[in-house]
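What follows is a set of notes on a single structure, which appears directly below.
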Amino acid sequence: ELKVEQNPLFLSMQEGKNYTIYCNYSTTSDRLYWYRQDPGKSLESLFVLLSNGAVKQEGRLMASLDTKARLSTLHITAAVHDLSATYFCAGDTGTASKLTFGTGTRLQVTL
Amino acid sequence: EPEVTQTPSHQVTQMGQEVILRCVPISNHLYFYWYRQILGQKVEFLVSFYNNEISEKSEIFDDQFSVERPDGSNFTLKIRSTKLEDSAMYFCASSDGKSVYSNQPQHFGDGTRLSIL
Numbered sequence: 009e010l011k012v013e014q015n016p017l018f019l020s021m022q023e024g025k026n027y028t029i030y031c032n033y034s035t036t037s038d039r040l041y042w043y044r045q046d047p048g049k050s051l052e053s054l055f056v057l058l059s060n061g062a063v064k065q066e067g068r069l070m071a072s073l074d075t076k077a078r079l080s081t082l083h084i085t086a087a088v089h090d091l092s093a094t095y096f097c098a099g100d101t102g103t104a105s106k107l108t109f110g111t112g113t114r115l116q117v118t119l
Numbered sequence: 006e007p008e009v010t011q012t013p014s015h016q017v018t019q020m021g022q023e024v025i026l027r028c029v030p031i032s033n034h035l036y037f038y039w040y041r042q043i044l045g046q047k048v049e050f051l052v053s054f055y056n057n058e059i060s061e062k063s064e065i066f067d068d069q070f071s072v073e074r075p076d077g078s079n080f081t082l083k084i085r086s087t088k089l090e091d092s093a094m095y096f097c098a099s100s101d102g103k104s105v106y107s108n109q110p111q112h113f114g115d116g117t118r119l120s121i122l
């Protein structure tokens, strides 16, 4: 059964700094997802990573996937306050199968 | 952009009462899901539904839970006799169910906050 772990659980960073969130998973995952959740809100899809070596970028966020290491990273470049949220990675193991979520990383960007 | 809609946004219920949470998935999607998130914790899978039947369910989804697609648009989650530990945010999601090579994610609704007293 797929297990997904994230670290760190909580990240406080200053505006303008760079940081990386790590997502490890236990068995083969067909796809790896990153979602953002603002407090009390829904899950917003950020990235879908399909294959080894996949890299996707949107604004100050960049996600990558290494299937051999069973590792995905979400890199934040020059953080701004608007990026404060909880970020979840999730994996699935087949077409239209359930998502297994990591514990989430609560990111707080301070001035 | 099409979206998943959920009602109500907040439901307060006495323990032991039945609740029905409602969802309208994206219209051309074929796969539907319920997840829950206890406050401050991760998102947990409850059940998936395809072609008018359950395709997978988790250990959480016991006999107190049921799902239904009563018409062509709604997808409901029923909890027959609620317990205090059922208090959580419940998210509905849908997907188009295309192959593993598709880059389309599951789309989530805004959730229903269920509070059991």
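Same order as they appear, the protein sequences are chains S and F.
So the first sequence is numbered by our numbering: it starts at 9 and just counts up by one.
So the second sequence is numbered by our numbering: it starts at 6 and just counts up by one.
Note that beta-carbon positions come from the ideal geometry of N, C-alpha and C, so glycine has one too.
Classify lysine 76(S) as buried or exposed, calling it buried when 16 or more other Cβ atoms lie within 10 Å of its own Cβ.
Residue mapping note: residue 76(S) aligns to position 68 of the first sequence, counting from 1. The residue is exposed, with fewer than 16 neighbouring Cβ atoms inside 10 Å.
Neighbouring residues, chain S, relative to glutamate 61(F) (Cβ below 9 Å):
Position 56 of the second sequence, counted from the first residue, corresponds to residue 61(F). Against chain S, the beta carbon of glutamate 61(F) has neighbours under 9 Å at Ser105 and Lys106, listed in chain order.
C-alpha distance - glycine 102(F) paired with phenylalanine 70(F), whole-angstrom precision:
For the purposes of this step, residue 102(F) is taken as residue 97 along the second sequence, with counting starting at 1. For the purposes of this step, residue 70(F) is taken as residue 65 along the second sequence, with counting starting at 1. Approximately 24 Å between the Cα atoms of the pair.
8 Å Cβ cutoff, threonine 111(S) in contact with chain F:
Reading the first sequence from its first residue, position 103 is the one you call residue 111(S). By this cut-off, threonine 111(S) is an interface position.
Give me the Cβ distance between valine 48(F) and phenylalanine 109(S), rounded to the nearest whole Å; I'm assuming they're in contact under 8 Å.
Your numbering for residue 48(F) matches position 43 in the second sequence. Your numbering for residue 109(S) matches position 101 in the first sequence. With 8 Å as the limit, valine 48(F) and phenylalanine 109(S) qualify as a contact, their Cβ atoms being about 4 Å apart.
One or two residues paired with glutamate 52(S) in a DSSP bridge
The residue labelled residue 52(S) in the question sits at position 44 within the first sequence. Arg44(S), per the DSSP bridge assignment.
Quick one: does tyrosine 33(S) have its CB under 8 Å from some CB of chain F?
As a working mapping, residue 33(S) is identified with position 25 in the first sequence. By this cut-off, tyrosine 33(S) is not an interface position.
Relative to the alpha-carbon of glycine 91(F), which residue among Glu8(F), Ser14(F), Gln22(F) and Ser99(F) has its alpha-carbon at the smallest distance?
Counted from its first residue, the second sequence places residue 91(F) at position 86. The displayed chain sequence assigns aspartate, not glycine, to residue 91(F). With distances taken between Cα atoms, aspartate 91(F) lies closest to Gln22(F).
Buried or exposed: lysine 11(S), going by 16 or more other Cβ atoms within 10 Å of its Cβ?
Here residue 11(S) refers to the residue found at position 3 of the first sequence. Classification for lysine 11(S): exposed.
Does the separation of the CB atoms of leucine 19(S) and threonine 113(S) fall below 8 Å?
As a position in the first sequence, residue 19(S) is number 11, starting the count at 1. As a position in the first sequence, residue 113(S) is number 105, starting the count at 1. Yes, these two residues count as a Cβ contact at 8 Å.
Could you say which of Tyr27(S), Thr118(S), Leu17(S) and Asp46(S) lies nearest to arginine 68(S) if we only look at CA atoms?
Sequence index remark: in the first sequence, residue 68(S) carries index 60 (1-based). When only C-alpha atoms are compared, the closest one is Tyr27(S).
Among Ala104(S), Leu119(S) and Ala98(S), which residue has its Cα nearest to the Cα of leucine 51(S)?
Working through the first sequence from its first residue, we reach residue 51(S) at position 43. Comparing Cα positions, the closest option is Ala98(S).
At least 3 beta-carbon pairs within less than 8 Å: the region 84-94 of chain S vs the region 79-94 of chain F:
Touching, no, given that fewer than three Cβ pairs across the two stretches are closer than 8 Å.
For a quick check, are the C-beta atoms of glutamine 63(F) and phenylalanine 50(F) less than 8 Å apart?
Stepping through the second sequence from its first residue, residue 63(F) is reached at position 58. Stepping through the second sequence from its first residue, residue 50(F) is reached at position 45. The question names glutamine, yet the displayed sequence has serine at residue 63(F). Between serine 63(F) and phenylalanine 50(F), the C-beta spacing is below 8 Å.
Closer than 7 Å, Cβ to any Cβ of chain F: which residues of the region 50-69 of chain S, in chain order?
Ser50, Leu51, Ser53, Val56 and Leu58
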